[in-house]
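Worksheet: one structure, shown below.
6 protein chains.
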Amino acid sequence: MKPELVTKLTQQLGRYNVNDIHADTVMQHRLPNRESISQVCDLFLSVLFPGFFNAVQVGRADLSSYSRKNLYEIDYILCEQICLARRYDCSSHGDELPSDLVDNTKGILEAFFERLPEVGKLISTDVKAAFDNDPAACSHEDIILSYPCIMAIGIYRVAHELYKLDIPLIPRIMTEIAHSNTGIDIHPGATIDESFFIDHGTGVVIGETCIIGKHCVLYHGVTLGAFNPLFRNEEGELPRGQSNKRHPTLEDHVVVYPGATILGGDTLIGHHSVIGGNVWLTKSVEANSVVTIEDPKLNVKTRNKKK
Amino acid sequence: MKPELVTKLTQQLGRYNVNDIHADTVMQHRLPNRESISQVCDLFLSVLFPGFFNAVQVGRADLSSYSRKNLYEIDYILCEQICLARRYDCSSHGDELPSDLVDNTKGILEAFFERLPEVGKLISTDVKAAFDNDPAACSHEDIILSYPCIMAIGIYRVAHELYKLDIPLIPRIMTEIAHSNTGIDIHPGATIDESFFIDHGTGVVIGETCIIGKHCVLYHGVTLGAFNPLFRNEEGELPRGQSNKRHPTLEDHVVVYPGATILGGDTLIGHHSVIGGNVWLTKSVEANSVVTIEDPKLNVKTRNKKK
Amino acid sequence: MKPELVTKLTQQLGRYNVNDIHADTVMQHRLPNRESISQVCDLFLSVLFPGFFNAVQVGRADLSSYSRKNLYEIDYILCEQICLARRYDCSSHGDELPSDLVDNTKGILEAFFERLPEVGKLISTDVKAAFDNDPAACSHEDIILSYPCIMAIGIYRVAHELYKLDIPLIPRIMTEIAHSNTGIDIHPGATIDESFFIDHGTGVVIGETCIIGKHCVLYHGVTLGAFNPLFRNEEGELPRGQSNKRHPTLEDHVVVYPGATILGGDTLIGHHSVIGGNVWLTKSVEANSVVTIEDPKLNVKTRNKKK
Amino acid sequence: MKPELVTKLTQQLGRYNVNDIHADTVMQHRLPNRESISQVCDLFLSVLFPGFFNAVQVGRADLSSYSRKNLYEIDYILCEQICLARRYDCSSHGDELPSDLVDNTKGILEAFFERLPEVGKLISTDVKAAFDNDPAACSHEDIILSYPCIMAIGIYRVAHELYKLDIPLIPRIMTEIAHSNTGIDIHPGATIDESFFIDHGTGVVIGETCIIGKHCVLYHGVTLGAFNPLFRNEEGELPRGQSNKRHPTLEDHVVVYPGATILGGDTLIGHHSVIGGNVWLTKSVEANSVVTIEDPKLNVKTRNKKK
Amino acid sequence: MKPELVTKLTQQLGRYNVNDIHADTVMQHRLPNRESISQVCDLFLSVLFPGFFNAVQVGRADLSSYSRKNLYEIDYILCEQICLARRYDCSSHGDELPSDLVDNTKGILEAFFERLPEVGKLISTDVKAAFDNDPAACSHEDIILSYPCIMAIGIYRVAHELYKLDIPLIPRIMTEIAHSNTGIDIHPGATIDESFFIDHGTGVVIGETCIIGKHCVLYHGVTLGAFNPLFRNEEGELPRGQSNKRHPTLEDHVVVYPGATILGGDTLIGHHSVIGGNVWLTKSVEANSVVTIEDPKLNVKTRNKKK
Amino acid sequence: MKPELVTKLTQQLGRYNVNDIHADTVMQHRLPNRESISQVCDLFLSVLFPGFFNAVQVGRADLSSYSRKNLYEIDYILCEQICLARRYDCSSHGDELPSDLVDNTKGILEAFFERLPEVGKLISTDVKAAFDNDPAACSHEDIILSYPCIMAIGIYRVAHELYKLDIPLIPRIMTEIAHSNTGIDIHPGATIDESFFIDHGTGVVIGETCIIGKHCVLYHGVTLGAFNPLFRNEEGELPRGQSNKRHPTLEDHVVVYPGATILGGDTLIGHHSVIGGNVWLTKSVEANSVVTIEDPKLNVKTRNKKK
């Protein structure tokens, strides 16, 4: 490669940013990065399900020291990544950085870790829900070892706690790592109650302002989305974040079959309802509803065999 | 993080299991783990397609010693993982563990390896099928290097042999590893004949009791599923496993276009049939059928441009 | 494992190839491999978005030397992989290999790198497009860190340049690596203009001969495919490659909602059109069209609760 | 390789053990292993000298959480390795294994960690001693980064605490890891007081029953050894371990120059003595002695140049 | 770095070779490399002492399959490295390469592996010899885990078999890897009988044409060297290799204490002799001799304390 | 481990530093680290001897791009490490840091790289010198692959250039990495002319102010040291660094046999001299001298065999 070309490339590449103020910020500070956060996700899975994901033997007597070392490693890496995210967030918004950023972040992490036992209990209900709903499952262990929803929902539940504590950037990176591994895309802002099961999962999308009750089941390819993400506010800007309820609400015991699409912030699916495969639903339905597509007319012809 | 909090967390996390008897078992014994089984999957791909997946040069003269060392590494890791899986399975069911677990497992593996040449031949027919069906493919090598179905079907074919030998846990972990990498979710219990092609593949689901004939083609987003997984037997429990035929049968030379859904254990698609995109099919069709949706009425309006 | 069995296996496995002439070639020469090309993809992301994907701090002053070293590493690995691909391609087609393969390849790479600043600019427009279209996005940095379309489109844009230079095998392996990580399957032959956004992305398929204009938006599960890939030419063979326009064209500012399918090489979607969710479209529509499915009749019944 | 040969080799190799009872034990239980203990040594160095040995930045505010996570990782790995060592030791001696092996080991580790601050202080005195004695040293940091004695003495000081707690096998493996890296061979049983410096270090040997006072300095190639390790006791067996004082004693402020050899358990070097290079000493000397070799007669001839 | 400088450097560096014909050869062919041979050394240690060097548990039942997979991995890597070494050796000497290089090499390896059980037995005698001679050793396991001579002698014994089969380059790289790890430098050409022990070991040098009998013991810093390596033959060239006996012979049961130097091809140390520390010996001694330095006159003065 | 103990340990460990001002500095800034510098050493060896140390094939045509990428990686890592070292050095000395630290460092590196071709030529003379002096060497390639002096002298020659440019900390870490791998301890401040050979090498020490001429040869265990490093200046401090000539000078064509010790800054060994094994020399000798120990009186007794 000709040296002049490399020089030109190094001058022109990496200028990804359309906003020059941000460009300064990126270069001066480190950003959080996917590699470290991916490591944190692995550690959470090791703490939640010790012995299932890597080759180490965890004898009973050692369980507490195994988890303790993993928790301290989470604490160390996550604290650093959150500090980087907050520093970046402040400087990109022109906000003042707390002078005690590290201690302040440690306080937030303390609050987060206080929530972790509750998160662990919720995930236990998800494992049980998978077993109760899938006739192909042989045992709870089978589910933890080979069902993608456990990773997707587990990481979502952890990320959701960070989201509620207003941590920037990190929660989304966490759920996107789960999305990349499972094809299940859950926004960390979604609110999901206990005993949640997603079967197969590829192509599931659950938006930021969804609310999902207890004992709901989704199949692969289900979208819980915004009716029209392209409406702008009066300034011509998109209203961003949780304040703008754009995604539907599912009450308890709702089942949604493969490929169904439910849209809109006011759309409420009443408890014990069943939404059939491929249904396209933009309005609320009452409790105990069964919604199916009127059988689409199928044309069945005999094939012309000359091929 | 306050020490008391960590102590509390280590006491409360990792208690994922709703069944206390199992909890004992998990802690006392090692489980099979995803990391080791993922390594086994890589080794199978190296044996089936030497030289395609990693950077090592395999000269012709060395091919046999390359494969031999990989086979012995598979033998070693897989034997250990299967022993762990069987031991776990026995203790969780309260069954007695064979006193000669390792030797007994080696016997099973011997039977499995006897089947491997046949598996290799089937996978060769899959490569050829991909080439014959995709106009974007340039060569067989192109397909092995860049078509996700080769990994998904290849690992399924290996896992299916283990499934037929009643190995617990491992086959499902293997196909889930392929699912995570390709978005193609094939249950190891499915029965799939030669020359099988899946194009693109993301979102394909093939259930445990599917039977698929020779020369079938699926596109992405196709579901071959259970009609209603929520029916319970009289005891209110789900009948589990292969004995309960819940998924459809495809005879030879069936093509199913993107997004189609075929459901039910009694649903049989006759040979040389073509199922169109997005079709939702819950009944059998005769051989040589062409099934399409009656063109859905499309509303085409001119857009209001004031946005 | 009995020694005779291993000997039998090593004789029979790895004979994947239906075409014996090719088998010779594979064994004698190295092929390009996924491991090395995956490394190249990571390096491109590091050059395009320095500091976002790995843990290294990139101080402002060092940016150019950081990018320079990464560019030379790309140059080195990619040159080797392309030489392997070209040598393989020549021998499998019976073509003569250029005597100056390495120098000739370096010339091609030079041309490729000349295009890279332009590619970088296009990707910047994609980042901006994501921010402008998704109300859940907080900042450009948020998008680079946690939107799968950035990896999928970024790697596609790089691979497309190699595709245009007639490099065999490599471009498809690159986009398949992105597909495996994101569920977004873009053929490197597709032609995509600036400011392109894909939301969520799982299950998106964009075919080899697609043409997509500026400022288009796709949601997850959208297929831009061939009408019928099974038509054969008069010799009974599939016409392969770009010469055969089989996939649709989208003009500027087209939005396609989740699950929509647009098929056929003559299908043209006029600018500023909106294609609704799940629409199945095989004909052209004029500019400013809004195409939706006529509301499918939904059956809403009250559920029989005795379950 | 012919299969019969491999079978023969697998039957005959690994039977390293001359003692058949031990052979059983080795096969049934895991042994501690060098890989894990090497990892523990690295972690101790990270805790004792945070920021000096690996690439991670340790900001001041994070120092405590960085050390905490490393301490818990040491605790976890070391506990496992010590349990393995003790179990092995018991079964090879026919002793009964404590029923509460893990808890008992945790108690021992607690005692060990209580000693660690004292160990840290001693190592600080060693750093200072190196600076005070070597005119080539620029700063304390220079010494920690580039003097092999810091690793050798640091790991010895840690291993010595484990030795005093009667942990079998592990302490020797630790100091041998340091020996391999530095050429300095200190037996973990040796007793070494504060402010100890070894310059260059290659070839230094310090035996199990040595006693070394404060502020001593050794150069490379110094041996503090046993007078005659081949004397047997009446049963014709070697008396083993610390009970048999076989190595010399150095009082405070002793300097020993390169290549000197001091032998014997009754040999005592009085304080403030200097032992010259290459001296071979088997008897005690009083305090303040300067011991040198009478200048060996050197023959100096002019060289015959016809070579 | 200025591009022109890099260009200059890439033109000038790597031209290490003073012999232009060789330079061609190096560039055209691969050489064997230290990384791969280091891996082979680790595998030999795993086969000779299963369970001692890495973290894997080897249950009794699995020992044979563990060793079998390791042997095949040795076979694969070593075959490749030997082929590279032989090809290089031929082309640098202008010899013709055997047309069946790989098969011919496999034949050599077969002969090598036939010798391996004998090598294993010799190494067992070395372990026992260490236990019998060192009062600080607690058990045979202690010795395997923490005595550097086990690695140094073990790798020497393997390399010596390759040396006897006239394999170029590889044996020396193997013993140099052991030298780097232990400070013990044994030339693979040396002939060493059973039950050989080296204590501490740093600085030991054993030359190419040494012959060492049974039950010999060396301490650290012992040199068994050539009397004068600088004598030239009539052509002014050094006679190279084994044909030129330049290093001493030790009969059975010889003990050599630290720092002793024994030189010359005709120097023979009779059986049961003891050579004292620091002795410089260039002539033969009869059996049962005890050779010590006449006590060097030591000057012992009282130190001038004004420092 | 009890939480209070961990808290206590984290408060007390890592306070290694006896100088509180420095302690502040360490915590606030990153230090250079061994891991990164070890990587730089590997890269230099790859640039100086492409193809010898790792498994990558370097075809002739690719040599320049292989070296170019390695040079840029050296440039990147070394620049960062030098900046860290200089920043640390300034703050620990209270000096002002240059405002253009990075650019200034790049200038220094430019000067360093300008010297590299000269360094490469010197190292070529060292390879040739090893071949000319060791009858056990088969070829230049044999020497590069298996002689420790190549790594030790090669890294010294690179480090010496950095030392001459007043880079703090880094050069010593580099030569200490070589020392750890080879047992050869060369201070980067020493001045060594072309064609330098060290045989075996373990235990060699070459001090900071040594001057060594062309075509010198050292054997293992040779010390070129300071006469008395413990003399203090009037302030009771050690005079530090190069200004204080403390180590000997060897003119051209000097050979020093194993275990010899040459001390003192005024000691000059005239050209073509030979210093015998174990000689202890503290005075100058004229050119063409042959210095040996007068044969030490050896006591040869017959052994008392009753043992």
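Chains Y, W, A, C, F and H, in that order, give the protein sequences. FYI, in the numbering used here the residues of the first sequence are 563 to 869. FYI, in the numbering used here the residues of the second sequence are 563 to 869. FYI, in the numbering used here the residues of the third sequence are 563 to 869. FYI, in the numbering used here the residues of the fourth sequence are 563 to 869. FYI, in the numbering used here the residues of the fifth sequence are 563 to 869. FYI, in the numbering used here the residues of the sixth sequence are 563 to 869. Ideal placement from N, C-alpha and C gives every residue a C-beta, glycine not left out. All values derive from a computational prediction rather than experimental measurement.
Go ahead and label residue i buried or exposed: buried means 16 or more other beta carbons lie within 10 angstroms of its beta carbon, across all protein chains shown.
i               : result
K668 of chain A : buried
K863 of chain H : exposed
P810 of chain A : buried
D665 of chain F : exposed
T854 of chain Y : buried
H702 of chain A : buried
Q508 of chain W : This structure cannot settle anything about residue 508 of chain W, because the visible part of chain W is limited to 563 through 869.
Residue i by DSSP, collapsed to three states: which one?
i               : result
T687 of chain H : helix
F606 of chain F : helix
G656 of chain H : coil
F675 of chain A : helix
T667 of chain Y : helix
G682 of chain F : helix
V568 of chain H : helix
V720 of chain H : helix
Which two residues bound the contiguous beta strand (DSSP E) that contains residue i?
i               : result
N861 of chain A : L860 to T864
L825 of chain A : T823 to L825
L786 of chain W : T785 to G787
Does chain W have any CB closer than 8 Å to the CB of residue i?
i               : result
I773 of chain A : no
With a threshold of 8 Å between beta carbons, is residue i in contact with chain C?
i               : result
A698 of chain F : yes
Quick one: does residue i have its CB under 8 Å from some CB of chain Y?
i               : result
L571 of chain F : no
R596 of chain C : no
R808 of chain A : no
Of all the CB atoms in chain F, is at least one closer than 8 Å to the CB of residue i?
i               : result
D604 of chain W : no
Y634 of chain W : yes
Strictly under 8 Å for the Cβ-Cβ distance: is residue i near chain A by that measure?
i               : result
E672 of chain W : yes
S805 of chain Y : no
P820 of chain C : no
Starting from residue i, trace the alpha helix (DSSP H) in both directions and tell me its first and last residue.
i               : result
I729 of chain H : Per DSSP, I729 of chain H belongs to no alpha helix (DSSP H) and is neither H nor E.
Quick check on residue i - is its C-beta less than 8 Å from some C-beta in chain H?
i               : result
S629 of chain C : yes
Could you list the residues in the stretch 675-694 of chain Y with a C-beta less than 7 Å from some C-beta on chain W, going in chain order? Near chain W, meaning a CB-to-CB distance below 7 Å, the residues of the stretch 675-694 of chain Y are F675, E676, L678, P679, G682, I685, S686, V689 and K690.
Listed in chain order, which residues of the stretch 829-854 of chain W have Cβ atoms closer than 8 Å to some Cβ of chain A? Taking 8 Å as the Cβ-Cβ cut-off against chain A, the residues of the stretch 829-854 of chain W that qualify are G839 and N840.
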